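Below: the structure, in structure tokens.
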Amino acid sequence: MIEVSGLSKRFGSVVALDDISFSASDGRITGLLGPNGAGKSTCLRILYTVLKPDAGSATINDVDVVAHPLRARRELGVLPHGAGLYPQLTTRENIAYFGRLHGIKEPALSARVAELIARLELEEIADRRAKGFSQGQRTKVALARALVHAPNTLLLDEPTNGLDVMSTLSLRNWLGELRDRGQCIVLSSHIMQEVAALCDDIVIVAHGRIVAHGTAEALRARFGNKSLEEIFVETVAGS
Amino acid sequence: MRTPILVVCRKEVVENARDRRTLLSTLFFGPLFAPALFAVLINVMLSQALSGMDETVELPIIGAGHAPNLVEFLTRHGLEAADGGPTTIEDARAAVARGQYDVALAVDPGYALAFRNSDDARVTLIVDRSETRATATSQRVRFVLDAYANQIGMLRLQARGLNPTVLRAVTIDELDVSSAAARSVLLLGMLTYFLLLATLAGGFYLAIDATAGERERGSLEPLLTVPVGRSSLLLGKMAATICYMLLSLALTLIGFRVALAFVPLEGLGMRANFDAAVAVKTFLLLAPFTPLGAALMTLVASFTRSYKEAQTYLTLVLLIPTLPLLLASLLNVEPDMSLMWIPSLSQHLLVTALLKAEPLSWSYAAVSATASIVLGAALAMLAIRFYDREALLG
Chain S
1 MIEVSGLSKR FGSVVALDDI SFSASDGRIT GLLGPNGAGK STCLRILYTV LKPDAGSATI
61 NDVDVVAHPL RARRELGVLP HGAGLYPQLT TRENIAYFGR LHGIKEPALS ARVAELIARL
121 ELEEIADRRA KGFSQGQRTK VALARALVHA PNTLLLDEPT NGLDVMSTLS LRNWLGELRD
181 RGQCIVLSSH IMQEVAALCD DIVIVAHGRI VAHGTAEALR ARFGNKSLEE IFVETVAGS
Chain R
1 MRTPILVVCR KEVVENARDR RTLLSTLFFG PLFAPALFAV LINVMLSQAL SGMDETVELP
61 IIGAGHAPNL VEFLTRHGLE AADGGPTTIE DARAAVARGQ YDVALAVDPG YALAFRNSDD
121 ARVTLIVDRS ETRATATSQR VRFVLDAYAN QIGMLRLQAR GLNPTVLRAV TIDELDVSSA
181 AARSVLLLGM LTYFLLLATL AGGFYLAIDA TAGERERGSL EPLLTVPVGR SSLLLGKMAA
241 TICYMLLSLA LTLIGFRVAL AFVPLEGLGM RANFDAAVAV KTFLLLAPFT PLGAALMTLV
301 ASFTRSYKEA QTYLTLVLLI PTLPLLLASL LNVEPDMSLM WIPSLSQHLL VTALLKAEPL
361 SWSYAAVSAT ASIVLGAALA MLAIRFYDRE ALLG
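Chains as they are written, first to last, in the working numbering: chain S, 1 to 239; chain R, 1 to 394.
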């Protein structure tokens, strides 16, 4: 469960976020949709505590991200933009490293890593060094790494960027599966179809402000029978 | 708090052990390259200093027939009359100016007569003073000619019943009080420079990796989302950097221990005071410098925006150990308590004293270690503050 209220952030004279409020519930996938530079990444970065807001607050499962960043991080699994791995470490080592940093001890750690490798179908590259992995392989390993401590909340920044069709499909299945287990998932994207296919709730962001917010159906009801594409163009142009 | 530091440190050690660049700079540059370069350098210096004295030199002599005794004397001292050389003074001048010969000798046509009459027998030495390479040869020829003139002069005095010492009012004896070990310090003084350089080089790539490298690979942001404070992450990375620096230092000392066995320091009346005990003491004296070096390199790297930029700036940091050496040789400083507060200079002075087989002052060593560690801790805190900035992610 994520509660965001009145978040604002500026970098110098650039306003990245301007009074953003929304909530994301457990058992649902919430999509932050907006053009590049709209403030989606800044919002996620504040949620996963690498940036501090200038105003407003945000809580993850009632833990304030500004007051208790370390506790908030325990609640979170994060797939940041780019998903860099350590090229000299194997898939297994990359995942286990984060497990150790989350305080997971052996033998539970090895068991958990093996479980994630099996569930994400990473057996083939489990003991290969990450150097030279494809974008799809890297994203999968980064996702396994984000899930190593079994977080209830998952933040993903442009997760399908650079993925081919097959990888995108399996990622979607994966996220659907996690949602059905009751996890709270927030992802950002600038691709309309992706959000439409994947998300239960949609937050449309432009120029640091929320221009529309609701379920896919509610947005359709509000904007008549227009496609999400048209809604997007209309709201972004109107703001 | 302690466990995450160990987790990060262990991961960095393992990861960098698989990285060719790190291995090259830790295992090759310091331990192999520096001692080898050092040994070659000293060998060249020694062979330059020793050679020339017994080597045969071709000396064109014009009018050799006028002075057969002199020519024989020259030949006995390794100065062979050149066959097919110039036959006139003009030719000889041209040949020396061309650089064909370092030096040429012309015997005056009136030499034989003057010599027989104990008059002023003249020879002319043709040299090119602008040619530094030829200076040693011309000095040697002049030295041999002087010896010949002296010898003949003394014989003539004795033949006239005079003691040859009447011509020598003052006799100079030189008494060198430096020990063999102290003399070799001139050369071994370079050792501290190579050791500090190898120590820094060992941690070079890890320090870059801590900030610029992680950021460029995109692994920094995920790392910052784990429930571990940034100070622990950075301390773990610095600990790994220190491990590699100590490893590089130890291996370099072993390299020097081996390399110095192949350097004929005895040829210059010197003794390389570098046994295992001295190597261990050197390690202990230089070890407190590693936290300082690691913190400094990490701090500099955290200012930079990219891997390449970090490399450029850190190369400048590698020049830091040259400063004390430069200062010490320019000002000819002696170990002093106040100098022990200056890291790298204090290590240089202590290690040099150790190599001179002078008694080691433990209070000096303690102050040197304290100063380095305190400054290292201050720089580490500064680096942590930098690591805490939001702009770190770029």
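Note that the Cβ used here is the ideal one computed from N, Cα and C, for glycine as well. These numbers were taken from a predicted model, which means no experiment stands behind them.
Reduced DSSP category for residue i - H, G, I as helix; E, B as strand; rest coil
i	result
Lys9(S)	strand
Leu375(R)	helix
Ile20(S)	strand
Ser167(S)	helix
Cys9(R)	helix
Cys184(S)	strand
Glu358(R)	coil
Arg160(R)	coil
Glu216(R)	helix
Ala130(S)	coil
Ala169(R)	coil
Glu3(S)	strand
Thr160(S)	coil
Asp388(R)	coil
Beta-carbon neighbours of residue i, restricted to chain R and to distances below 8 Å
i	result
Gln183(S)	Result: empty, since nearest Cβ-Cβ is about 17 Å, beyond 8 Å.
Arg74(S)	Pro227
Pro80(S)	Gly218, Glu221, Pro222, Thr225
Gly84(S)	Glu214, Arg217, Gly218, Ser219, Leu220, Glu221, Pro222
Arg145(S)	Pro222
Leu70(S)	Pro227, Val228, Gly229
Ala142(S)	Pro222
Interface flag, residue i vs chain B, CB-CB below 8 Å
i	result
Arg385(R)	Annotation note: the requested chain B is absent from the structure, which comprises protein chains S and R.
From the options, residue whose alpha carbon lies closest to that of residue i
i	options	result
Arg45(S)	Glu12(R), Leu223(R), Leu327(R), Leu285(R)	Leu223(R)
Leu116(S)	Leu147(S), Gly103(S), Phe133(S), Gly136(S)	Leu147(S)
Thr30(S)	Ile191(S), Val211(S), Val203(S)	Val203(S)
Val124(R)	Ala106(R), Ala114(R), Thr135(R), Ala134(R)	The identity of residue 124(R) in the sequence shown is Thr, whereas the question assumes Val. Cα-wise, what sits closest to Thr124(R) is Ala106(R).
Glu309(R)	Ile89(R), Thr211(R), Ile320(R)	Thr211(R)
Gly78(R)	Arg142(R), Val96(R), Arg20(R)	Arg142(R)
Met238(R)	Ala295(R), Thr137(R), Glu390(R), Val166(R)	Ala295(R)
Ile104(S)	Asn43(R), Val228(R), Glu216(R), Tyr111(R)	Val228(R)
Leu109(S)	Thr90(S), Asp180(S), Ile95(S)	Ile95(S)
Gly255(R)	Ile242(R), Phe274(R), Cys243(R), Tyr244(R)	Phe274(R)
Ala36(R)	Gly218(R), Cys9(R), Phe194(R)	Phe194(R)
Leu197(R)	Gly161(R), Ser231(R), Ser344(R)	Ser344(R)
Between the CA atoms of residue j and residue i - distance to the nearest angstrom
i	j	result
Val141(S)	Ile185(S)	18 Å
Tyr364(R)	Lys281(R)	14 Å
Gly132(S)	Arg18(R)	15 Å
Asp19(S)	Gly213(R)	35 Å
Val127(R)	Gly85(R)	15 Å
Ala261(R)	Thr199(R)	22 Å
Ala240(R)	Ala144(S)	26 Å
Phe29(R)	Val96(R)	44 Å
Gly99(S)	His149(S)	6 Å
Asp209(R)	Glu131(R)	51 Å
Val165(S)	Pro4(R)	38 Å
Leu220(R)	His102(S)	16 Å
Ser346(R)	Asp91(R)	59 Å
Val50(S)	Arg389(R)	9 Å
Val242(S)	Phe38(R)	As displayed, chain S neither begins before 1 nor continues past 239, which places residue 242(S) out of reach and without an answer.
Ser404(R)	Ala366(R)	Since the displayed chain R opens at 1 and closes at 394, residue 404(R) lies outside it and no answer follows.
Phe223(S)	Ile384(R)	51 Å
Ile89(R)	Gly63(R)	10 Å
Ala147(R)	Arg168(R)	14 Å
Leu70(S)	Ala391(R)	19 Å
Ala370(R)	Leu17(S)	The question names Ala, but residue 370(R) is Thr in the sequence shown. Spanning the two alpha carbons is a distance of roughly 48 Å.
Arg230(R)	Leu379(R)	16 Å
Val278(R)	Ala353(R)	11 Å
Partner residues on chain R for residue i, Cβ-Cβ distance less than 9 Å
i	result
Leu51(S)	Glu390, Leu393
Leu300(S)	In the structure displayed, chain S extends from 1 to 239; residue 300(S) sits before or after that span and is not available.
Proximal residues of chain R, C-beta to C-beta of residue i below 7 Å
i	result
Arg100(S)	Val7
Gln88(S)	Glu15, Arg18, Asp19
Leu219(S)	The premise fails here: Leu219(S) is roughly 30 Å from chain R at the closest Cβ pair, so nothing lies under 7 Å.
Contacts of residue i in chain S (Cβ-Cβ under 7 Å)
i	result
Leu224(R)	Val50
Lys11(R)	Tyr97
Pro4(R)	Leu101
Q. Going along the chain, which unbroken runs of the beta strand (DSSP E) with 3 or more residues stay wholly within the segment 108 to 141 of chain R?
A. 123 to 127
Q) Taking only runs of the beta strand (DSSP E) that begin and end inside the segment 60 to 109 of chain S, which ones reach a length of at least 3 residues, in chain order? A) 76 to 79
**Q.** Segments assigned alpha helix (DSSP H), at least 4 residues, entirely inside the segment 38 to 104 of chain R
**A.** 68 to 76, 89 to 98
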